[in-house]
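Asks: This is the structure I have questions about; it appears just below.
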Amino acid sequence: MKNTPTVVTILLAVLSIMVIVLALRWMILDQPWLLDKKANEVNLGLGTTGGNMSFDQWFAQMENPTGARKYLNSIYRFFGTWMLGMGLSWLVLLYFGRSNRRLLSATIAVMGLMLGIALIFEYRYIWVSIYVPLSFGLGFLWIAALALHVWNPGGGEA
Numbered sequence: 000m001k002n003t004p005t006v007v008t009i010l011l012a013v014l015s016i017m018v019i020v021l022a023l024r025w026m027i028l029d030q031p032w033l034l035d036k037k038a039n040e041v042n043l044g045l046g047t048t049g050g051n052m053s054f055d056q057w058f059a060q061m062e063n064p065t066g067a068r069k070y071l072n073s074i075y076r077f078f079g080t081w082m083l084g085m086g087l088s089w090l091v092l093l094y095f096g097r098s099n100r101r102l103l104s105a106t107i108a109v110m111g112l113m114l115g116i117a118l119i120f121e122y123r124y125i126w127v128s129i130y131v132p133l134s135f136g137l138g139f140l141w142i143a144a145l146a147l148h149v150w151n152p153g154g155g156e157a
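Going left to right, the sequence shown walks through residues 0 to 157 as numbering that gives the first Met the number 0 numbers them.
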């Protein structure tokens with residue numbers, strides 16, 4: 000295999016960069032839980048499930064709304080940090096895997112496993128999330144890369 004980017008590594012690098020961008024959004028925004036407002040409202044039993052309560056009203060009825068906001072922020076910051084590490088790790092593995100078919104195969108397998116688990120989790124617990132269709136899109140990108148990798152022993156060169 001040549002030591003140049005292939006269609007497979009380019010597709011998977013795009014997928015990794017998309018994960019990194021999502022992670023940075025969760026890490027930077029003041030109220031990252033509002034990025035997925037509808038899913039959070041459903042899970043918390045607020046506005047979209049028969050109630051008519053906004054997040055501000057929900058926080059106002061708490062004894063310590065500042066603590067709740069900090070808790071939500073810390074959960075999303077942790078999740079963003081985890082996804083950032085995952086996306087960066089994938090990029091590093093792809094960089095070294097472009098000239099090592101076994102490493103590239105292992106990277107593709109790990110990426111598929113993690114995307115699959117994320118999709119199952121999303122579909123099971125936050126099915127109304129705006130991120131479910133995006134995750135399916137990432138999954139299709141991964142499937143295209145896998146197909147090119149499996150059916151082209153040269154690694155997916157165009």
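Using N, Cα and C, we set each Cβ at its ideal position, and we do this for glycine too. Since the model is a prediction, treat every value here as computed from it, not as a measurement.
Could you have a look at M17 and say whether DSSP puts it in helix, strand or coil?
Replies: On the sequence shown, residue 17 is found 18 positions in, with the first residue counted as 1. DSSP places M17 in helix when its eight states are reduced to three.
Asks: Check I125 in the structure and name its three-state DSSP category.
Replies: Residue numbering aside, residue 125 sits at position 126 when the sequence shown is read from its first letter. The answer is coil: DSSP assigns I125 none of H, G, I, E or B.
Asks: Please tell me whether L45 has its Cβ less than 8 Å away from any Cβ of chain C.
Replies: Checking the listed chains, one finds no chain C in this structure; it contains a single protein chain.
Asks: By alpha-carbon positions, which one of D55, G84, V6 and I9 ends up nearest to V20?
Replies: Against the sequence shown, residue 20 aligns to sequence position 21. Closest by alpha carbon: G84.
Asks: In whole angstroms, what separates the C-alpha of Y130 from that of D35?
Replies: Numbered from 1 along the sequence shown, position 131 holds the residue referred to as residue 130. Numbered from 1 along the sequence shown, position 36 holds the residue referred to as residue 35. C-alpha separation (whole angstroms): 8 Å.
Asks: So for D29, helix, strand or coil by DSSP?
Replies: The residue you call residue 29 lines up with position 30 of the sequence shown. D29 falls in the coil class under three-state DSSP.
Asks: Should E62 be labelled buried (16 or more other beta-carbon atoms within 10 Å of its own) or exposed?
Replies: Translated into positions along the sequence shown, residue 62 becomes position 63. Exposed: under 16 other Cβ atoms inside 10 Å.
Asks: How about L107 and L11: do their beta carbons lie closer than 8 Å?
Replies: As a first step, residue 107 is located in the sequence shown; it is residue number 108 there, counting from the start. As a first step, residue 11 is located in the sequence shown; it is residue number 12 there, counting from the start. A quick correction: the sequence has Ile, not Leu, at residue 107. For I107 and L11, yes; Cβs fall inside 8 Å.
Asks: With the cut-off set at 8 Å, would you say I125 and N42 are in Cβ contact?
Replies: Here residue 125 is taken as the residue at index 126 of the sequence shown, counted from 1. Here residue 42 is taken as the residue at index 43 of the sequence shown, counted from 1. Yes, these two residues count as a Cβ contact at 8 Å.
Asks: Please go through the region 99 to 151 and give each complete alpha helix (DSSP H) segment of 4 or more residues, from N-terminal end onward.
Replies: Complete alpha helix (DSSP H) runs here, min 4: 100 to 124 and 130 to 150.
Asks: Quick check: the Cα distance between F58 and N39, rounded to an integer number of angstroms?
Replies: Position 59 of the sequence shown holds residue 58. Position 40 of the sequence shown holds residue 39. The alpha-carbon atoms of F58 and N39 are separated by roughly 14 Å.
Asks: Which of the three DSSP states is assigned to M61 in this structure?
Replies: Along the sequence shown, one-based indexing puts residue 61 at 62. Note: M61 maps to coil in three-state DSSP.
Asks: When the Cα of F77 is compared with those of V109, L133, L93 and L23, which residue comes out closest?
Replies: As a position in the sequence shown, residue 77 is number 78, starting the count at 1. The residue with the shortest Cα to Cα distance from F77 is L23.
Asks: With distances taken from CA atoms, which of L137, L147 and Y75 is nearest R100?
Replies: As a position in the sequence shown, residue 100 is number 101, starting the count at 1. For the residues L137, L147 and Y75, the minimum Cα distance to R100 belongs to L147.
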